[in-house]
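If you're matching positions, the sequence shown starts at 320 in our numbering and goes up one per residue. Idealized CB from N, CA, C, for every residue including glycine.
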Amino acid sequence: MNSTAVERTPAERMRLRAALIERIGGYMTAHSIGLAAELGLADLIKDGIRDSKELAAESGTHEPSLRRLLRTLAAVGITTEPEPGRFALTDVGAQLRSDSPDSLRAFSRVFCHPSLFAAWAGLGHTVSTGEPGYDQVFGKDFYSHLSEQADLSALFNEAMGEESRIAAGQLAAGYDFSGVEKVVDLGGGDGTLLAAVLPRYPQLRGVVFDSQSGVAEAPGVLKEAGVTDRCEVVAGDFFQDIPGDGDLYIIKSVFQDWSDEDSVALLHSVRGQIPESATLLIVGTVLPETASPEHPIMFFTDLNMLVNTGGRERTESEFRAMLAATGFAVESVGIGAAGPLSIIKATPAPDSAPASGSAPGSGSDSAR
């Protein structure tokens with residue numbers, strides 16, 4: 320039955336109207352959270368209740384306007400206002416603290432950055448043509464632009480480390496590395512994943528492999544984890560040349576960056592260079608075969624990759640098809656096995672001849 324033909328009470332109609340308006344205003348929420356992260360408001364509030372006048376003085380902002388921002392953040396569950404003009408953090412808002420082990424402050428700053436908002440303004444172009452809005456708005460691809468912005472590049476790497484932290488801990492705790500001697504993290508970014516894995520397995524040696532800018536922060540992260548002596552940091556292009564002596568290869572949150580053509584080229588490159596006895600773990604989002612309101616973040620991420628890089632998230636059947644086409648056999652698919660992410664375990668298929676694919680254009684190896 321057509322929903323417009325259903326008789327609804329005034330209260331039901333108001334509820335539906337509010338639900339749509341709230342979704343329309345999502346960009347307002349994002350701007351508000353992004354500014355709160357940029358100003359470091361969560362660090363200023365910390366564990367107590369702070370007056371908006373004090374916060375304005377410390378953040379260098381206009382107090383009446385800051386108070387209205389903080390009220391709006393309270394309305395969406397980032398802060399609370401227990402007394403007029405006085406604000407505290409919720410558990411959700413505490414993730415904007417830079418000193419939180421679950422911090423998403425850098426992540427919030429990146430994904431609420433003006434360049435990404437500008438790219439999303441090109442969504443109509445993307446949907447009409449299939450071309451990234453980022454390229455259309457800036458005249459260059461995302462990673463080329465990122466490489467020209469040193470501060471944004473550093474912030475992006477920090478944000479991807481934050482995004483990886485929970486999944487890295489889940490992978491370290493949930494996957495059995497006891498029979499592995501050398502693990503290679505392809506597109507390993509700042510080393511967050513191996514910094515979580517290596518301390519649990521003293522026998523394990525590792526390699527963080529990514530582009531030059533991608534691995535820039537890795538030495539510091541590995542040093543803090545106390546695993547510098549067991550982990551190399553190698554810069555390179557995994558479409559061209561990767562370390563070929565690993566037992567286990569991990570590719571986390573990378574395929575979402577690339578089109579199907581480029582992803583197949585990457586898998587061909589990996590298949591042609593790793594040992595026949597090696598195992599490949601793909602750690603990332605695996606979309607349900609059909610969309611539903613239960614998984615909104617996955618589908619927003621999919622569309623975000625289309626807008627910014629031309630990449631995409633994939634379903635289990637799509638991953639299986641790509642792996643089969645590039646000489647891999649899927650052994651298992653663990654949905655949600657790495658916290659918010661899933662784990663696909665594959666090995667070189669018997670009697671599959673390694674093949675090479677055409678490499679894509681320049682860009683960072685990693686989405687992290």
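If you compare the alpha carbons of Val429, Ala438, Val583 and Gly443 with that of Tyr453, the shortest gap goes to Ala438.
By the C-beta density criterion, Leu339 is exposed, having fewer than 16 other C-beta atoms within 10 angstroms. For Thr598, the secondary structure class from DSSP, reduced to helix, strand or coil, is strand. Note that the C-beta distance between Gly565 and Lys664 is not below 8 Å. Beta-bridge partners assigned by DSSP to Tyr346: none are found. For Ser351, the closest of Gly404, Asp366, Leu415 and Gly658 by C-alpha to C-alpha distance is Leu415. The Cβ-Cβ distance between Pro433 and Thr628 does not fall below 8 Å. Taking a contact to require three or more Cβ pairs closer than 8 Å, the stretch 453 to 472 and the stretch 481 to 498 do not qualify as touching. Between Arg428 and Gly353 a beta carbon distance of about 6 Å is seen, short of the 8 Å cut, so the two are scored as contacting. Minimum Cα-Cα distance from Val534 among the listed residues Glu608, Leu513 and Thr409 corresponds to Leu513. The criterion of a C-beta distance shorter than 8 Å is not satisfied by Thr634 and Thr620. By the Cβ rule, the stretch 554 to 574 counts as touching the stretch 582 to 602, because three or more pairs are nearer than 8 Å. Its chain contains Gln575, Asp576, Trp577, Ser578 and Met624 as the residues whose beta carbon lies nearer than 7 Å to that of Gly630, once the 5 sequence neighbours on both sides are disregarded; these appear in chain order. Within the model, the alpha-carbon separation for Leu642 versus Ile593 is close to 14 Å.
For Glu341 and Asp529, the gap between their C-alpha atoms comes out near 40 Å.
Of all alpha-carbon atoms in Lys365, Ala356, Ser378 and Leu358, the one lying nearest the alpha-carbon of Ala407 is that of Lys365. Boundaries of the alpha helix (DSSP H) around Asp621: Pro615 to Asn627. In the structure shown, Asp560 falls within a coil segment according to DSSP collapsed to helix, strand and coil.
For Phe430, the enclosing alpha helix (DSSP H) stretches over residues Arg424 to Phe430.
Distance from the CA of Pro329 to the CA of Ala337, rounded to the nearest whole angstrom, comes to 12 Å.
Closest by C-alpha distance to Ser422, out of Ser447, Leu392 and Ser483, is Ser483.
In the structure shown, Lys459 adopts coil according to DSSP, grouped into three states.
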